[in-house]
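Novice: Numbered as in the working numbering, the sequence shown ends at 258 without a single skipped number.
The C-beta atom is built at its ideal place from N, Cα and C for all residues, glycine as well.
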Amino acid sequence: MRKKHDMYQYKAVKPGVYILSLDNHVEISEAIAAFCSEKKIKSGTVSGLGAVNEATFRYLDPQTMKYVDKTFLEQMEITNLTGNISSKDGKPYLHLHITASRSDYSCVGGHLLTARINGACELVLEAYEAEIGRRLDPETGLNMYEF
Ligand code: FE
């Protein structure tokens, strides 16, 4: 069965496992969060590939504990998108990383903040039954898993 949302189409291939095709020009993290909300997914993994023409990646400098964000306005292939899904404050919490290749075949990557599709984006998302939360760890300043 094929289902249509305004940001994606998907098909369940076995219980808890979905193939998604995101619509062109959609922002990827927003679409994944919308899907997780729709399906009430509390934990899981996501991976995929595709093409984007606008993306902002994040680097955490462990010395200063400051985030450094960089936006790339160019056509790139997503050579890998990998992430996990947990819950924080009753909402899906996504932790997404990305590697993308440029027209000269070099790659850039980092923690994925936003990425706008220009072409296609195909994902596999596996949802688990367990609810996995996050809590702020004072030592690292990161939202760590809370089991
Ligand atoms: Fe990260």
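With a threshold of 6 angstroms (Cβ to nearest heavy atom), would residue 116 be considered close to the ligand FE?
Specialist: No, since every heavy atom of the ligand FE falls outside the 6 angstroms radius drawn around the Cβ of residue 116.
Novice: For residue 222, is the beta carbon positioned less than 6 angstroms from some heavy atom of the ligand FE?
Specialist: Indeed, a heavy atom of the ligand FE lies less than 6 angstroms from the Cβ.
Novice: Do the segment 205-222 and the segment 125-137 make contact, defined as three or more Cβ pairs closer than 8 angstroms?
Specialist: In short, these stretches do not touch, since the Cβ pair count stays below three.
Novice: Which of the three DSSP states, helix, strand or coil, is assigned to residue 209?
Specialist: In this structure, residue 209 counts as strand in the three-state DSSP scheme.
Novice: On the three-pair Cβ rule with 8 angstroms, is the segment 197-207 touching the segment 243-251?
Specialist: Judged by Cβ distances under 8 angstroms, the segment 197-207 makes contact with the segment 243-251, as three or more pairs qualify.
Novice: For residue 143, name the three-state secondary structure that DSSP assigns.
Specialist: Of the three classes helix, strand and coil, the one that applies to residue 143 here is helix, per DSSP.
Novice: Grab me the residues of residue 142's own chain with a C-beta within less than 7 angstroms of its C-beta, minus the 5 sequence neighbours each way, in chain order.
Specialist: Result list for residue 142: 118, 119, 133, in chain order.
Novice: Excluding five sequence neighbours on each side, which residues of the same chain lie with their C-beta closer than 6 angstroms to the C-beta of residue 191?
Specialist: Result list for residue 191: 210, in chain order.
Novice: Short of 8 angstroms in beta carbon distance, which residues of its chain neighbour residue 179, apart from the five on each side in sequence? Order them along the chain.
Specialist: Closer than 8 angstroms at the Cβ level, and outside the excluded window around residue 179, lie 169, 170, 171, 172.
Novice: Let's see if you can read the secondary structure: which residues bound the beta strand (DSSP E) around residue 240?
Specialist: Element bounds for residue 240: n/a, residue is neither H nor E.
Novice: Can you list, in chain order, the residues of its chain with a C-beta nearer than 7 angstroms to that of residue 152? Leave out the 5 residues immediately preceding and following it.
Specialist: Within the same chain, residue 152 has close Cβ partners 196, 203, 238.
Novice: Could you spell out the range, first to last residue, of the beta strand (DSSP E) harbouring residue 154?
Specialist: Residues 154-172.
Novice: Between residue 241 and residue 161, which are expected to be in contact by the criterion C-beta below 8 angstroms, what is the C-beta distance as a whole number of angstroms?
Specialist: Not confirmed; about 28 angstroms, so no contact.
Novice: Assuming residue 253 and residue 157 form a contact by the criterion Cβ under 8 angstroms, report the distance between their Cβ atoms to the nearest whole angstrom.
Specialist: The Cβ separation is near 19 angstroms, so there is no contact.
Novice: Between residue 144 and the rest of its own chain, which residues show a CB-CB distance below 7 angstroms, the 5 nearest in sequence each way excluded?
Specialist: Cβ neighbours of residue 144 beyond the five flanking positions: 203, 205.
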